[in-house]
Amino acid sequence: AQSVTQLGSHVSVSEGALVLLRCNYSSSVPPYLFWYVQYPNQGLQLLLKYTSAATLVKGINDFEAEFKKSETSFHLTKPSAHMSDAAEYFCAVSEQGAQKLVFGQGTRLTINP
Amino acid sequence: GAVVSQHPSRVICKSGTSVKIECRSLDFQATTMFWYRQFPKQSLMLMATSNEGSKATYEQGVEKDKFLINHASLTLSTLTVTSAHPEDSSFYICSASITERAFFGQGTRLTVV
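In the order they appear, the protein sequences are chains B and P. Counting from 1, position 111 in the first sequence corresponds to residue 405 in the numbering used here; the numbering is continuous, with no gaps. Counting from 1, position 93 in the second sequence corresponds to residue 87 in the numbering used here; the numbering is continuous, with no gaps.
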């Protein structure tokens, strides 16, 4: 069975600072990995995805994530936080492309002025 | 990009009544759609896989007689919450996948009073 663990339910950074959201996964087969962002009372928007190509994946809004098989990690980073980045972020894993997704618990990102 | 539209975005119903939520793929055909439920401040949990022209596949612990899923066409799946109770109040989100990417609806906030 697959699982995702996001370390830290709440992360707070200052505007302009580095954003690091942690995600570790478990999968019995080579995984597909995703990061989604959710704004209040809205659906999910895909930030980026890993599908066994390059291990460093670049997404929208300057977010990127690095797949590290040895660490079973897929941490999300952004060099400089913006106020508009405040939202809930979900890491997800799938064995079937983007079919059935297993989500992590989510991390609420707060940006301090 | 592909668009998934979910309706209604918000519904309040009385305990004991039924509520239907629609999920449409607007510019592509989706043989498979997924229904998720998200409780406040929690992650998304897969409820069921909706298959066009056949019965839905429910995840363990999800009552199929309570959460009726119909996928009558390649662009429409419906979730009906029957005999709703306050504990069914939640955020329900559908998704459809195309080319290894999942597209999510805007979500439906269900409040049962």
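Built from N, CA and C at the ideal position, the CB exists for glycine as well.
If we define contact as Cβ-Cβ less than 8 angstroms, is Ile87/P a contact residue for chain B?
Within the second sequence, residue 87/P is the residue found at index 93, counting from 1. True, the Cβ-Cβ gap to chain B drops below 8 angstroms.
Where DSSP assigns a beta bridge to His1/P, which residues make up the other side?
As a first step, residue 1/P must be located in the second sequence, where it is residue number 7. Paired residue(s): Glu16/P.
One question on the structure: do Leu403/B and Val305/B come within less than 8 angstroms of each other, judged by their Cβ atoms?
If you number the first sequence from 1, residue 403/B lands on position 109. If you number the first sequence from 1, residue 305/B lands on position 11. Contact: yes.
Under 8 angstroms between the Cβ atoms of Gly310/B and Ser374/B?
Position 16 of the first sequence, counted from the start, is the residue given in the question as residue 310/B. Position 80 of the first sequence, counted from the start, is the residue given in the question as residue 374/B. Their beta carbons are under 8 angstroms apart, which means Gly310/B touches Ser374/B by this criterion.
So, at 7 angstroms on beta carbons, what are the nonlocal neighbours of Leu340/B in its own chain, with the 5 sequence-adjacent residues on each side left out?
Taking the first residue of the first sequence as 1, we reach residue 340/B at position 46. Phe328, Tyr330, listed in sequence order.
Enumerated in chain order, which unbroken segments of the beta strand (DSSP E) with a length of 3 residues or greater are wholly contained in the region 332 to 360 of chain B?
Fully enclosed beta strand (DSSP E) runs of 3 or longer: 338 to 344, 350 to 352.
Should the region 67 to 76 of chain P be regarded as contacting the region 7 to 16 of chain P, the criterion being three or more beta carbon pairs within less than 8 angstroms?
At 8 angstroms Cβ cutoff, the stretches touch.
For Thr371/B, which option in Ile354/B, Ala386/B, Gln332/B has the closest C-alpha, if you only look at C-alpha atoms?
Here residue 371/B is taken as the residue at index 77 of the first sequence, counted from 1. Looking at the Cα atoms, Ile354/B is the closest of the given residues.
Short of 7 angstroms Cβ to Cβ, which residues in the region 373 to 389 of chain B face chain P?
So the list reads Phe384, given in the order they occur along the chain.
Mind checking which residues open and close the beta strand (DSSP E) that includes Met377/B?
Residue 377/B sits at position 83 when you count from the first residue of the first sequence. Run containing Met377/B: none; DSSP gives neither H nor E here.
Tell me which residues of the region 324 to 349 of chain B have at least one Cβ-Cβ distance to chain P shorter than 9 angstroms, keeping chain order.
Residues Tyr326, Phe328, Tyr330, Gln332, Asn335, Gln336, Gly337, Leu338, Gln339, Leu340, Lys343, Thr345.
Show which residues of chain P have a CB atom less than 7 angstroms away from the CB atom of Gly302/B.
Counting from 1 along the first sequence, the entry for residue 302/B is found at position 8. The contacting residues do not exist; Gly302/B stays about 14 angstroms from chain P at best.
Here's the rule: buried if 16 or more other CB atoms are within 10 angstroms of the residue's CB, otherwise exposed. What is Leu350/B?
The residue you call residue 350/B lines up with position 56 of the first sequence. The residue in question, Leu350/B, is exposed, as its Cβ has fewer than 16 Cβ neighbours within 10 Å.
What is the residue span of the beta strand (DSSP E) that Val298/B lies within?
The residue given as residue 298/B occupies position 4 in the first sequence. First-last of the beta strand (DSSP E) with Val298/B: 297 to 301.
Residues of chain P with CB closer than 7 angstroms to the CB of Phe397/B, please, in chain order.
Counting from one through the first sequence, the residue named residue 397/B turns up at place 103. Those within 7 angstroms of Phe397/B in chain P are Ser37, Leu38.
Measure the C-alpha to C-alpha separation of Val107/P and Arg4/P and round it to an integer number of angstroms.
One-based indexing of the second sequence puts residue 107/P at position 113. One-based indexing of the second sequence puts residue 4/P at position 10. Each residue's Cα considered, the two are about 14 angstroms apart.
Which residue or residues does DSSP assign as beta-bridge partners of His369/B?
Walking along the first sequence from the start, residue 369/B turns up at place 75. Answer is Glu360/B.
Taking the CB atoms as reference points, tell me whether Phe33/P and Cys88/P lie closer together than 8 angstroms.
If you number the second sequence from 1, residue 33/P lands on position 39. If you number the second sequence from 1, residue 88/P lands on position 94. Not in contact: Phe33/P and Cys88/P (Cβ atoms no closer than 8 angstroms).
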